[in-house]
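J.: Using the numbering used here, the first residue of the first sequence is number 1, and each one after it goes up by one.
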Amino acid sequence: MRKALTEILRQAIDKAITSGGLKTKIPPPVILEIPRDETKGDYATTLAMTLSSVEKTPPRKIAELIVENIEDREGILERLEIAGPGYINIFLRTGCWLEALKNAVSRGEQYGKLDIGEGKLVQVEFVSANPTGPLHIGHGRGAAFGDSLANLLRAAGYNVQREYYINDVGNQMETLGRSTYIRYNQIFDPGIPFMEDGYKGDYIKDIAKSIVSEVKDKYFRLPEGEAVPFFTGYAKDNILDGIRKDLEDFGVRFDNWFSERNLYDSGEVDSILKALKERGYLYEREDALWLNTTLFGDDKDRVVVRSNGQKTYFASDIAYHQNKFERKFNFIIDIWGADHHGYEPRMKAGVHCLGYPEERLKVILVQLVTLLREGKPVSMSTRAGEFVTLREVLDEVGRDAARFMFLTRRSDSHLDFDLELAKKESAENPVYYVQYAHARIVNIFRQAEAHGILPPSTEGADLLLLSLPEEIRMIKLIAAYPELIEASALALEPHRVTFYLQDLATALHNYYFHHRVITDDLSLTEARLILLQGVKQVLKSGLMIIGVSAPERM
RNA sequence: GCCCCCGUAGCUCAGUAGGAUAGAGCAGCGGUUUCCUAAACCGUUUGUCGGGUGUUCGAUUCACCCCGGGGGCGCCA
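1) Per DSSP, H136 is paired with what?
2) Rounded to the nearest angstrom, what separates L464 and G398 at their Cα positions?
3) Identify which residue in T232, D115, L9 has its Cα closest to the Cα of E486.
4) Measure how close the beta-carbons of T293 and R346 come, nearest whole angstrom, since I'm counting them as under 8 Å.
5) Would you give the residue range spanned by the beta strand (DSSP E) that V363 belongs to?
6) So, is P28 buried or exposed, given that buried needs 16 or more other C-beta atoms within 10 angstroms?
7) Shortest alpha-carbon distance to Q123 belongs to which of R327, R261, V105, P190?
8) Please report the residue range of the alpha helix (DSSP H) in which S557 lies.
9) Any idea what DSSP makes of Q161, helix, strand or coil?
10) Round the Cβ separation of F556 and I332 to the nearest angstrom and send it over; I've been treating them as touching at under 8 Å.
11) Run the CB neighbour count on K245, radius 10 Å, all protein chains shown included, and call it buried at 16 or more, exposed below.
12) If I'm right that Q172 touches T132 with Cβ under 8 Å, what's the distance once you round it to whole angstroms?
13) Helix, strand or coil, according to DSSP, for T18 in the structure here?
14) Note down the Cα distance separating K324 from L468, rounded to an integer number of angstroms.
15) Can you give me the C-alpha to C-alpha distance between Y523 and Q537, rounded to a whole angstrom?
16) Is the beta carbon of A620 less than 7 Å from the beta carbon of V393?
17) Does K120 come out as helix, strand or coil in the three-state DSSP assignment?
18) Whole angstroms is fine: what's the gap from A275's alpha carbon to E493's?
19) Using CA atoms only, rank isn't needed, just tell me which of F91, L240, L365 is closest to E78.
20) Which residues mark the beginning and the end of the beta strand (DSSP E) in which A288 is found?
21) Can you check whether the CB of L372 is closer than 7 Å to the CB of D400?
22) Suppose you measure from the CA of D339 to the CA of Q367; what does that come to, to the nearest Å?
23) Per DSSP, I472 forms a beta bridge with which residues?
24) For V127 and I137, I'd like the C-alpha separation in whole angstroms.
25) Out of curiosity, what's the CA-to-CA distance linking Y203 and W97?
26) Taking contact to mean at least 3 C-beta pairs separated by less than 8 Å, is the segment 302-322 in contact with the segment 263-277?
27) Using the C-alpha atoms, what's the distance from E174 back to G563?
28) Just to confirm the assignment, what range does the alpha helix (DSSP H) spanning G242 have?
29) Out of R73, A129, N330, which has the shortest C-alpha to C-alpha gap to N159?
30) Here's a check: name, in chain order, each residue in its chain whose Cβ is nearer than 7 Å to the Cβ of A315, leaving out the five neighbours to either side.
31) Can you tell me which residues form a DSSP beta bridge with T45?
32) Run through the segment 306-349 for me and flag every whole beta strand (DSSP E) of 3 or more residues, listed as ranges in chain order.
33) Which first and last residues belong to the alpha helix (DSSP H) in which Y511 is found?
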């Protein structure tokens, strides 16, 4: 719809230029907006105002000129108005909207699936929590966001891969192993003191217990150096299994789990350092090896090999990104917790050093979550090992509510997650509000069937019977759905889908309350069922993108 | 000190590729059910878009400065 209109306007401008009415050589892009106020048209454009300064002509005059040159070959325009300082307000014929509804319903589940991604290969890397403890609520937000973004991009026609990067090398793995080792020993001798910067969470004790049940006292009092690798491996695998399970129950499945260790084992880290050295980006200072990231906008250079010979995480991160690009992704999206934001310039500089344009790496920061219970913050402290896990939230509020809540804000703004609100079964809780709209429609279809009315076909029904303002409003929302998908995907903002769904649900509930779908008038009933079929489809499709179920009854 | 994000109705937040009278939910107040699910609906109240300057025909949106809140600034991850 928007496409056709844009074309009509573009041609009108071209025509005005050839006929000499407009002097500009470079026609401006046609921008169509949907006015807030329905009386101002289905679409509106500010073209005339934009052109006014170039043409040195009053905007309303230009608007007239454009309108005069418009040719509506397919007859989709009802009327045009020039309003305010020079808007061109465009009213479409109702038939266009009915056509759009028909199209939506006949495309079924394919409606809202676009091809703007052109099948391009995109990777979304998210969560990637270190395997040193269970996922907490902040990871949950990252998971909900990343997964929905991947769904969204897929709907827009991209070929999307979801990846989880496992930091299974380095100091913290060592710490994990030692913490587990000590907890294990403490089972046999409670007098043994715990280490200072160890992981204090109870889950480590649980892991130690399960080790005892498997191998008894095989490692008790064994020298630390000998024993720790086993504990590291065991604890890591155990925690990773838990993370996988949590994510699965959260409805998030990764296509690939990528191990940092593999980058070392395969020699990729060394070879990339060598390559960077050959390109002259590395230099030595104070016994350490530095990458000259300031060349590309970082505010200081970064160490890749420490003076003690240990490679930094940044070194493997560069190798990791090299690996990603070698896998032919057209672009890659890294989703990080907001606490990593200082890392972005250096990673982009790193990508630059690798010889890739940094536009191909998109970093999205997800702000932290404050957990509330009845409006009061729930204390969370990672240090003390007390934090609210994703598992606990899932168990308490359920997957649908949790996923929806995480997408009620843009990713870069703080999120207050109220446990009580998420559990409420009322209008305050937007999750049920939207789901209820879906369930209601399904119920109407059930009722219709009970009355012996079968789901009508789009060809057979007389859609002209849909003339109520509430009906037209819903049809317009349905018609706008593909545009919503496109805009959200391009902006990488799945939260827009959440907002849209609430609008659509509102329209549905309002309509439902004021009008009966199933009446003695069969033709009208059928037309309305077609409309509801469209609403249902779009609700379901949108909910699927944000990873929330569309229940058949509630 | 430097960098990033945020500041919009009483509360929580949308909205900005510059556009018309800035929106929603919640809270408040008042209503709706012999009728396809009331997990619903309707009505009503609320704004110096943190402040200032600039660019523009036009700024909540862009630029700069200031104020306030949060976060990040290690040969840590």
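C-beta atoms are modelled at their ideal positions from N, C-alpha and C, and glycine is treated no differently. This one's a predicted model, so the numbers in the text were calculated from it and none came from an experiment.
T.: On the basis of the data shown:
1) In the first sequence, counting from the first residue as 1, residue 136 sits at position 136. DSSP links H136 through a beta bridge to T389.
2) Here the question's residue 464 lines up with position 464 in the first sequence. Here the question's residue 398 lines up with position 398 in the first sequence. Computed Cα separation, rounded: 42 Å.
3) The sequence position of residue 486 within the first sequence is 486, counting from 1. For E486, the nearest C-alpha among the options comes from D115.
4) Reading the first sequence from its first residue, position 293 is the one you call residue 293. Reading the first sequence from its first residue, position 346 is the one you call residue 346. 5 Å between Cβ atoms; contact.
5) Stepping through the first sequence from its first residue, residue 363 is reached at position 363. It spans 361-366 - the beta strand (DSSP E) in which V363 sits, taken as one unbroken run.
6) Counting from one through the first sequence, the residue named residue 28 turns up at place 28. Counting Cβ neighbours within 10 Å, P28 comes out exposed, since fewer than 16 surround it.
7) Residue mapping note: residue 123 aligns to position 123 of the first sequence, counting from 1. If we check each option's Cα against that of Q123, R327 comes out closest.
8) The chain is shown from 1 up to 554; residue 557 falls before or after that span and cannot be answered.
9) What you label residue 161 is simply residue 161 of the first sequence in a count that begins at 1. Correct three-state label for Q161: strand.
10) Only positions 1 to 554 of the chain appear in this structure, which leaves residue 556 out of reach.
11) One-based indexing of the first sequence puts residue 245 at position 245. That one is exposed.
12) Taking the first sequence and counting its residues from 1, one reaches residue 172 at position 172. Taking the first sequence and counting its residues from 1, one reaches residue 132 at position 132. With a contact defined as Cβ atoms closer than 8 Å, Q172 and T132 qualify at about 5 Å.
13) Looking up residue 18 in the first sequence gives position 18. Of the three classes helix, strand and coil, the one that applies to T18 here is helix, per DSSP.
14) In the first sequence, counting from the first residue as 1, residue 324 sits at position 324. In the first sequence, counting from the first residue as 1, residue 468 sits at position 468. Distance between the alpha carbons of K324 and L468: 53 Å.
15) By 1-based counting over the first sequence, the position of residue 523 is 523. By 1-based counting over the first sequence, the position of residue 537 is 537. Rather than Tyr, the amino acid found at residue 523 in this sequence is Ser. If you take the alpha carbons of S523 and Q537, they lie about 21 Å apart.
16) This structure leaves residue 620 out entirely; the chain is present only between 1 and 554.
17) Indexing the first sequence from 1 puts residue 120 at position 120. In the displayed model, K120 falls within coil according to three-state DSSP, outside both helix and strand.
18) Taking the first sequence and counting its residues from 1, one reaches residue 275 at position 275. Taking the first sequence and counting its residues from 1, one reaches residue 493 at position 493. Looking at the two C-alpha atoms, the distance is approximately 36 Å.
19) Start at 1 with the first residue of the first sequence, and residue 78 comes out as number 78. It is F91 whose Cα lies nearest to the Cα of E78.
20) Along the first sequence, read from residue 1 onward, the residue named residue 288 stands at position 288. Under the DSSP assignment, A288 falls in the beta strand (DSSP E) whose first and last residues are 288-291.
21) For this step, residue 400 is matched to residue 400 along the first sequence. For this step, residue 372 is matched to residue 372 along the first sequence. Between D400 and L372, the C-beta gap is not smaller than 7 Å, which leaves the two residues out of contact.
22) Here residue 339 is taken as the residue at index 339 of the first sequence, counted from 1. Here residue 367 is taken as the residue at index 367 of the first sequence, counted from 1. If you take the alpha carbons of D339 and Q367, they lie about 8 Å apart.
23) Working through the first sequence from its first residue, we reach residue 472 at position 472. Its beta-bridge partners do not exist; DSSP assigns none.
24) The residue labelled residue 127 in the question sits at position 127 within the first sequence. The residue labelled residue 137 in the question sits at position 137 within the first sequence. Spanning the two alpha carbons is a distance of roughly 11 Å.
25) As a first step, residue 203 is located in the first sequence; it is residue number 203 there, counting from the start. As a first step, residue 97 is located in the first sequence; it is residue number 97 there, counting from the start. In a straight line, the C-alpha of Y203 is about 57 Å away from that of W97.
26) yes
27) Since the first and last residues shown for the chain are 1 and 554, residue 563 lies out of range.
28) Within the first sequence, numbered from 1, the residue matching residue 242 stands at position 242. Residues 224-249.
29) Position 159 of the first sequence holds residue 159. Among R73, A129, N330, the Cα nearest to that of N159 is on N330.
30) For the purposes of this step, residue 315 is identified with residue 315 of the first sequence, where counting begins at 1. Only V269, L273, V304, V305 meet the Cβ criterion.
31) Here the question's residue 45 lines up with position 45 in the first sequence. BP columns for T45 point to L32, I88.
32) 331-337
33) Taking the first residue of the first sequence as 1, we reach residue 511 at position 511. Run containing Y511: 495-514, per the alpha helix (DSSP H) assignment.
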